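The structure under discussion appears below in the form of structure tokens.
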């Protein structure tokens with residue numbers, strides 16, 4: 004997930020917490036990371052996790068938040084193709100290396 008999307012989401016959460024007079028936000032993030040000398044092989048090893056996790060960015064059929072057109076198109080395709088009965092299974096053609104690297108660290 005791009006830094007812009009993380010900043011966007013954190014600012015929404017911080018704003019709501021301020022408005023509700025709640026304690027300051029403490030946040031963490033889950034980031035895929037596969038270590039392999041071949042970064043192409045590494046992200047492909049994580050493809051199921053990438054599609055499973057990235058689909059939350061378009062879970063209801065609409066991409067919300069800052070992103071490029073290419074990423075939005077990919078998220079929309081993932082949403083359309085995702086089958087909860089086959090959770091974690093994926094069409095390897097749904098994502099690219101560039102997209103994968105927005106959602107993790109591979110190499």
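In our numbering, the protein residues as written are 4 to 110.
Glycine included, every Cβ here is placed at the ideal spot set by N, Cα and C.
None of these values were measured; they are calculated from a predicted model.
Could you tell me the distance, in whole angstroms, from the CA atom of residue 97 to the CA atom of residue 81? Those two C-alpha atoms are separated by around 7 angstroms.
Measuring CB to CB, does residue 71 end up less than 8 angstroms from residue 106? Their beta carbons are not under 8 angstroms apart, which means residue 71 does not touch residue 106 by this criterion.
Straight-line CA distance for residue 110 to residue 36? For the pair residue 110 and residue 36, the Cα-to-Cα distance works out to about 8 angstroms.
Have a look at residue 49 and residue 67 and give me their C-alpha separation to the nearest angstrom. Taking the straight line joining both Cα atoms gives about 24 angstroms.
Are there 16 or more other CB atoms within 10 angstroms of the CB of residue 85, so buried, or fewer, so exposed? Looking at its Cβ environment, which holds 16 or more other Cβ atoms inside 10 Å, residue 85 is buried.
For residue 36, which three-state DSSP category applies? DSSP places residue 36 in strand when its eight states are reduced to three.
The alpha helix (DSSP H) spanning residue 108 covers which residue range? Where residue 108 is concerned, there is no enclosing alpha helix (DSSP H), although the beta strand (DSSP E) it sits in stretches over 107-109.
For residue 39, collect the residues of the same chain with a Cβ closer than 6 angstroms to its Cβ; drop the 5 residues on either side in sequence, then sort them by chain order. Result list for residue 39: 45, in chain order.
DSSP three-state call for residue 78: helix, strand or coil? The answer is helix: DSSP assigns residue 78 an H, G or I state.
Just the Cα atoms here: how many angstroms apart are residue 20 and residue 13? So the two alpha carbons sit approximately 11 angstroms from each other.
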